[in-house]
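Asks: Got a structure here, written out as structure tokens. Questions coming.
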Amino acid sequence: MHHLITQDHVDTFQKEGVVLIRSLFDDYIEIIRQGIELNLNDPGPYAAENLQSGDSGRFFDDYCNWHRIAPFEKAIRESAVAEVAASLMSSNSVQLFHDHVLIKEPGTAKPTPWHQDSPYYFVDGIQNVSFWVPLDHVSDATLRCVAGSHRWEKPVLPTRWLAQDNFYPDADDYQPVPDPDREGMDIREWSLEPGDAVAFSFSTLHGARGNHSNTRRRAFSLRLLGDDARYVERPGPTSPPFPDHGMSAGERLREDWFPTIFRTQ
């Protein structure tokens with residue numbers, strides 16, 4: 008087990024679906040910041056501006072750029088994140104799914120809506136983990152996660168952030184998006200420093216407040232998979248879509264698109 012985590016981290020992640028790991032990316036802060044600037048200057052095909060006309064600030068996000076933005080790939084392959092992920096997931100291998108950049112400029116009132124990631128993805132399995140890494144000090148617009156929500160019987164209906172409509176036409180297999188604050192759920196959130204990482208399950212309900220501070224909130228998120236990850240069909244288009252992937256239900260994700268970045272000896 009890597010020295011940055013203990014068995015308590017693993018137990019908390021397994022039980023609550025979210026755990027804080029301090030200083031995981033301390034040696035890669037400037038490298039990831041460089042990658043984010045490259046991403047902003049050259050957005051990928053999935054880049055989005057998540058504000059309506061008249062909304063204040065700027066809420067930019069983009070994903071699936073690690074293969075074309077060298078600083079992202081360097082941080083992913085050279086940091087301890089894959090080894091830490093293997094321990095948290097209790098997995099012998101770690102496969103890279105995708106990266107995600109989320110930026111809220113100062114004065115961006117719009118919150119990140121409450122959601123689970125797993126309903127958007129074409130991946131099934133419980134061995135998975137996301138890392139949410141701030142590149143600026145963050146308190147007001149920090150990530151918020153509902154402890155234990157990764158064990159809910161029904162997943163939360165995925166919605167489009169900008170249009171705020173349902174992602175899939177048939178909602179029978181999903182529950183409506185709850186209001187964790189109003190319903191008194193167990194919300195975990197921390198004041199974070201650059202390089203800290205919140206690790207959470209794809210099935211953990213999470214969101215973030217708007218950025219009412221006078222500083223930027225840049226976040227780099229990384230999604231990783233374990234031994235039991237398999238391709239699964241969804242009732243509509245997935246996000247990310249990964250067009251023409253050629254996989255069939257029940258197959259492991261193809262290694263040439265989703266490389267294994269760690270394997271136990």
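One gets the working numbering by counting positions in the sequence shown from 1 and adding 7 to each.
C-beta atoms are modelled at their ideal positions from N, C-alpha and C, and glycine is treated no differently.
#1: In whole angstroms, what is the alpha-carbon distance linking residue 233 and residue 102?
#2: Is the region 125 to 132 touching the region 187 to 205 in the sense that three or more CB pairs, one from each, lie closer than 8 Å?
#3: With 16 as the cutoff for other CB atoms within 10 Å, does residue 37 come out buried or exposed?
#4: Alpha helix (DSSP H) containing residue 18: first to last residue?
#5: Beta-carbon separation of residue 210 and residue 24 under 8 Å?
#6: Residue 219 by DSSP, collapsed to three states: which one?
#7: What separation, rounded to the nearest whole angstrom, lies between the Cα atoms of residue 92 and residue 115?
#8: For residue 222, count neighbouring Cβ atoms within 10 angstroms of its own Cβ and tell me buried if that reaches 16, exposed if not.
#9: Going by the beta-carbon positions, is the gap between residue 71 and residue 106 smaller than 8 Å?
#10: If residue 213 sits next to residue 150, beta carbons under 8 Å apart, how far is it from one beta carbon to the other, in whole angstroms?
#11: In or out: residue 167 buried (at least 16 other Cβ within 10 Å) or exposed?
#12: So is residue 96 buried or exposed if we call it buried at 16+ other beta carbons inside 10 Å?
#13: For residue 230 versus residue 104, is the C-beta spacing smaller than 8 Å?
#14: Assign residue 198 to one of two classes, buried (16 or more other C-beta atoms within 10 Å of its C-beta) or exposed (fewer than that).
#15: If we count Cβ pairs, one from each stretch, closer than 8 Å, do we get three or more for the region 42 to 55 versus the region 68 to 88?
#16: Whole alpha helix (DSSP H) runs in the region 77 to 110 with 4 or more residues, listed along the chain?
#17: Can you tell me which of 30, 251, 266 and 225 puts its alpha carbon nearest to the alpha carbon of residue 148?
#18: How should residue 253 be labelled, buried or exposed, when 16 other C-beta atoms within 10 angstroms of its C-beta is the threshold for buried?
#19: Which class does residue 70 belong to by DSSP, given the choice of helix, strand or coil?
#20: Would you check if the distance between the CB atom of residue 236 and the CB atom of residue 135 is smaller than 8 Å?
#21: Looking only at its own chain, which residues have a Cβ that is under 6 Å from the Cβ of residue 196, when we skip the five neighbours before and after it?
#22: Assuming residue 53 contacts residue 82 (C-beta within less than 8 Å), just tell me the rounded distance between them.
#23: Return the residue from the list 55, 50 and 39 that minimises the CA-CA distance to residue 77.
#24: What's the gap between the Cα of residue 260 and the Cα of residue 62?
#25: Compute the Euclidean distance between the alpha carbons of residue 79 and residue 90, then round it to the nearest angstrom.
#26: Can you tell me which residues form a DSSP beta bridge with residue 141?
Replies: Concretely, from the data shown:
#1: 6 Å
#2: no
#3: exposed
#4: 14 to 23
#5: yes
#6: coil
#7: 32 Å
#8: exposed
#9: yes
#10: 6 Å
#11: exposed
#12: buried
#13: yes
#14: exposed
#15: yes
#16: 77 to 85 and 88 to 96
#17: 225
#18: exposed
#19: strand
#20: yes
#21: 149 and 151
#22: The Cβ separation is near 20 Å, so there is no contact.
#23: 39
#24: 39 Å
#25: 17 Å
#26: 226
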